[in-house]
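Residue numbers (numbering that gives the first Met the number 0), protein chains in the order written: chain A, 0 to 140; chain B, 0 to 140; chain C, 0 to 87; chain D, 0 to 87. A quick write-up on the structure given underneath.
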Amino acid sequence: MTFLTSDPVELAPLLASVQSPARGGLSLFLGQVRDHHEGRAVVRLDYSAYGPMAEAECARIVAEAEQRWDVAVALRHRLGSLAVGDTAVAVVVASAHRADAFAACRHVIEEVKRRVPIWKREHYADGTLTWVDPTATLQHV
Amino acid sequence: MTFLTSDPVELAPLLASVQSPARGGLSLFLGQVRDHHEGRAVVRLDYSAYGPMAEAECARIVAEAEQRWDVAVALRHRLGSLAVGDTAVAVVVASAHRADAFAACRHVIEEVKRRVPIWKREHYADGTLTWVDPTATLQHV
Amino acid sequence: MPVAASTDITVRVLLFASYAESLGREALEVSLSQPASIADVVSHIRRLPGGASLPPKPLCARNLAHAGQDDRVADGDEIAILPPLAGG
Amino acid sequence: MPVAASTDITVRVLLFASYAESLGREALEVSLSQPASIADVVSHIRRLPGGASLPPKPLCARNLAHAGQDDRVADGDEIAILPPLAGG
Chain A
0 MTFLTSDPVE LAPLLASVQS PARGGLSLFL GQVRDHHEGR AVVRLDYSAY
50 GPMAEAECAR IVAEAEQRWD VAVALRHRLG SLAVGDTAVA VVVASAHRAD
100 AFAACRHVIE EVKRRVPIWK REHYADGTLT WVDPTATLQH V
Chain B
0 MTFLTSDPVE LAPLLASVQS PARGGLSLFL GQVRDHHEGR AVVRLDYSAY
50 GPMAEAECAR IVAEAEQRWD VAVALRHRLG SLAVGDTAVA VVVASAHRAD
100 AFAACRHVIE EVKRRVPIWK REHYADGTLT WVDPTATLQH V
Chain C
0 MPVAASTDIT VRVLLFASYA ESLGREALEV SLSQPASIAD VVSHIRRLPG
50 GASLPPKPLC ARNLAHAGQD DRVADGDEIA ILPPLAGG
Chain D
0 MPVAASTDIT VRVLLFASYA ESLGREALEV SLSQPASIAD VVSHIRRLPG
50 GASLPPKPLC ARNLAHAGQD DRVADGDEIA ILPPLAGG
C-alpha cells in the first residue's frame, strides 16, 4: 500500500479498502488546508516528505493500530502543492465497535503528526512563505 | 434542515454543509448495516421513526454540540429498507480544532442512539424478523 | 388547600414499532381525569387488549420531547410511547 | 577493558526542508571515527557552513526509523536530520 500521493485524496477507495459486512462502525478524520495560520492569510501549501521513511512510518502506525484495536485502517497523505480547502490527510477506520473506531482514528492522526517526516511550506497572501513549525506555536488543527 | 431521509446517505453534501476555510479538521462517523447480529445472519433492515420528534431531537442534539464545542455539525439518518453495507447514519463535524471535532462527533452519535426515536426491524436469512432492542444486549456497534 | 377540578382532558397517544404491533394500532385518543401524568396515560394503554406486553415504565414523549413518568399532561397533548430506541 | 578499533565509517546524511535550505544541500557523505553516534553526525553537520542554524539535538532517523541522539551509527547507514514535522 502507498500512503503518500500527489493526487487529490479520494474517500471512496479508502472507505472501500476497510469496509466489510462485519465492521459497521467507521470513524474518519480529514485534515484540510486552512486559510489562516497564526493570523496570516494562507493561499497555498507545499507538502514535502522524506518519502521512504514516511511510507515506512505510516505502515508502522497503521500496523500498530490494527494490533491494538479490532480495526481496519486506511491512511493517505497528499504531497505537493495544495490550495485552501484541499484534503491533506485522510484516516479511515472501520470496526465492529464504534469506540474502537474512534480511538484508533484519533490515535492514527496524532501519531501521523508526531512521527511521519512530512513538512509544509506556507505561501501567504503577501507573497512571503515560511516552513511551518508546529512545535513553535500552541495553535494546532 | 432535514435529518431523516429515505434516500441513500451521500457524504459529499454533508461535507459541503460544514466545510469552511477556517475549519481544517473534520471528524466523521458512519454507521453501516452489518451482516450479523447476535450470531444471526442479517439480510435486510427496516428503519422507521417517529418522524416529527426524531427531526426535533436531531436538531436539539446538533444545536447542543454546536453550543458546547466550536464546531459545525451535519447529521443524516436513513429510514426505510436497507441492505447489508448501506449507511444508516452519518455524522460530519468540522472544526478548527481536531480535538473538538472528535469529541463532538462522538457525542452526537451517542446522543442519536440514546435519544432519537428510531426503530429497526431485522430480517434474518432464515426468513424470520425481530424488532431490535439494544437495551436487551451488550452488543453495540 | 385547593383541589384541582376533575374535568376530563383528551390526549392523542401514538404507538410505534413493537408496541404498535402489540396493540394493533398506531394512534388513539385517550380521555383522563385531571390532574393526569404520563404514568396515567401508560396505565390506561396497558389495560387495553395487547397492552400488558408494554413495560410498566416505557420511554415516553410529550409534544415531541422526552418526558418523565411524573410529567403532567394537558388537554390536546401528543403523547408517544416509545419502544427501546435503535437508531444509528 | 577492550577498546573499539578507531576505523573510519561513512554514512549518508539527508537534509530536508528548512535544514536543506540552511545547508544548501539535501544529501552528503560524512566520515567518522568509530564508535560514532547520531550526536556525532549532528555535530559534524552543525560545523558545516549554514549548519549553526540547526538545533543541537534535532529529530533524527537512522535507516528509515526514528533514532535517539545516543544511538550508534554504522558504516553505510542513512542518517536523516529532520526539521520539526508538520504533516497532517
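Note that the Cβ used here is the ideal one computed from N, Cα and C, for glycine as well.
Check, Outcome
"Straight-line Cα distance separating Val88 (chain A) from His35 (chain B)", "32 angstroms"
"Element boundaries [beta strand (DSSP E), containing Phe101 (chain B)]", "Where Phe101 (chain B) is concerned, there is no enclosing beta strand (DSSP E), although the alpha helix (DSSP H) it sits in stretches over Arg97 to Arg114."
"Residues near His106 (chain B) by beta carbon distance below 7 angstroms, same chain, minus five either side", "Ala64"
"Below-7 angstroms beta-carbon distance, Pro20 (chain A) vs any chain B residue", "yes"
"For Ala26 (chain D), the three-state DSSP class (helix, strand or coil)", "strand"
"Stretch-stretch touch, CB-based, cutoff 8 angstroms, three pairs: the region 117 to 132 of chain A with the region 90 to 100 of chain A", "no"
"Beta carbon of Leu13 (chain B) nearer than 7 angstroms to that of Leu29 (chain A)", "no"
"Anticipated Cβ contact below 8 angstroms, Ala71 (chain B) with Ala93 (chain B), distance rounded", "5 angstroms"
"Integer-rounded CB distance, given that Ser21 (chain D) should sit under 8 angstroms from Gly67 (chain D)", "23 angstroms between Cβ atoms; not a contact."
"Arg11 (chain D) versus D:Val72, D:Val29 and D:Ile80, residue with shortest Cα-Cα distance", "D:Val29"
"Neighbourhood of Arg114 (chain A) by C-beta distance below 6 angstroms, restricted to the same chain and skipping five residues each side", "Glu56"
"Supposed close pair Ile60 (chain A), Val111 (chain A) - CB separation, criterion 8 angstroms", "6 angstroms"
"Distance, Leu14 (chain C) Cα to Arg45 (chain C) Cα", "12 angstroms"
"Host alpha helix (DSSP H) of Ser26 (chain A) (start-end)", "Note, Ser26 (chain A): premise wrong, no alpha helix (DSSP H); beta strand (DSSP E) at Gly24 to Gln31."
"Chain-ordered residues of the region 60 to 80 of chain C with a beta carbon less than 8 angstroms from chain B", "Ala60, Leu63, Ala64, His65 and Ala79"
"Cutoff 7 angstroms: Ser26 (chain B) Cβ touching any chain A Cβ", "yes"
"CB contact below 7 angstroms: Arg59 (chain B) versus chain A", "no"
"Listed by chain order, chain C residues near Ser5 (chain B) by CB distance under 9 angstroms", "None at all; the shortest Cβ gap to chain C is about 15 angstroms."
"Backbone CA spacing between Ser32 (chain C) and Gln18 (chain A) [nearest angstrom]", "55 angstroms"
"CA-to-CA distance, Thr4 (chain A) to Ala64 (chain C), given in whole angstroms", "48 angstroms"
"Where Ser36 (chain D) falls: helix, strand or coil (DSSP)", "strand"
"Val83 (chain B) and Val131 (chain B) closer than 7 angstroms at C-beta", "no"
"C-beta contact flag for Asn62 (chain C) and Asp76 (chain C) at 7 angstroms", "yes"
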